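Peer 1:
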Amino acid sequence: MGKKEQNKNMSMLVTAVRSVEPPAHTHHAPNEEWIARIGRLQETLTVCPTDISARSELATLLEKLGQLEEALFNWSAVLTCDPNSLNAREGVARCRQRTGPPLQSAQ
Numbered sequence: 093m094g095k096k097e098q099n100k101n102m103s104m105l106v107t108a109v110r111s112v113e114p115p116a117h118t119h120h121a122p123n124e125e126w127i128a129r130i131g132r133l134q135e136t137l138t139v140c141p142t143d144i145s146a147r148s149e150l151a152t153l154l155e156k157l158g159q160l161e162e163a164l165f166n167w168s169a170v171l172t173c174d175p176n177s178l179n180a181r182e183g184v185a186r187c188r189q190r191t192g193p194p195l196q197s198a199q
C-alpha cells in the first residue's frame with residue numbers, strides 16, 4: 093500500500109471515528125445545512141421508518157440542537173429496531189440525563 097493510500101485510509105478512519113463521537117452538551121445554532129439535512133432525513137424516514145442509520149443521524153442532530161425530547165424519541169425508535177445498539181442506548185441515557193426523569197402518569 094502506497095503512502096497516499098495510507099493517508100487516505102487514515103483520513104477515512106478519523107472521519108469515521110469522529111462520526112460516532114457523542115454530541116457535545118452545548119446547543120448549536122441551526123444552520124441551513126443542518127436544517128436541510130434534517131429535512132432529508134425525515135423524508136427518508138417517511139419512506140423507510142426502520143432506516144437505523146438515518147434515524148441515528150437525525151437523533152444526533154436533534155440532540156446537538158438541544159431538541160432532546162425529539163432526539164429521545166428517535167433514539168428509542170432505533171432501540172426498537174436494534175435493541176443492542178450501544179450508540180442508541182448512550183443517546184437515550186444522555187437525553188434522559190439532560191431532561192430529567194420521565195414524568196409518571198397519575199394513577
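Per our numbering, the very first residue in the sequence shown carries number 93; after that it's consecutive. All C-beta atoms, glycine included, are put in the ideal place defined by N, C-alpha and C. Note that the structure is a prediction, hence the values are computed from the model and not measured.
1) By the DSSP assignment, the alpha helix (DSSP H) with glutamine 159 in it spans what residues?
2) Would you identify the three-state DSSP class for alanine 116, choosing helix, strand or coil?
3) From which residue to which residue does the alpha helix (DSSP H) around glycine 192 run?
4) Contact check, valine 170 vs isoleucine 130 under 8 angstroms by CB: the rounded distance?
Peer 2: So, from the data block:
1) Counting along the chain, glutamine 159 falls outside any alpha helix (DSSP H), and DSSP gives it neither H nor E.
2) In this prediction, alanine 116 scores a pLDDT of 49, lower than 50, which makes its location untrustworthy; the coordinate-derived value is nonetheless stated afterwards. DSSP places alanine 116 in coil when its eight states are reduced to three.
3) Counting along the chain, glycine 192 falls outside any alpha helix (DSSP H), and DSSP gives it neither H nor E.
4) At roughly 16 angstroms, the Cβ-Cβ gap does not stay under 8 angstroms, so valine 170 and isoleucine 130 are not in contact.
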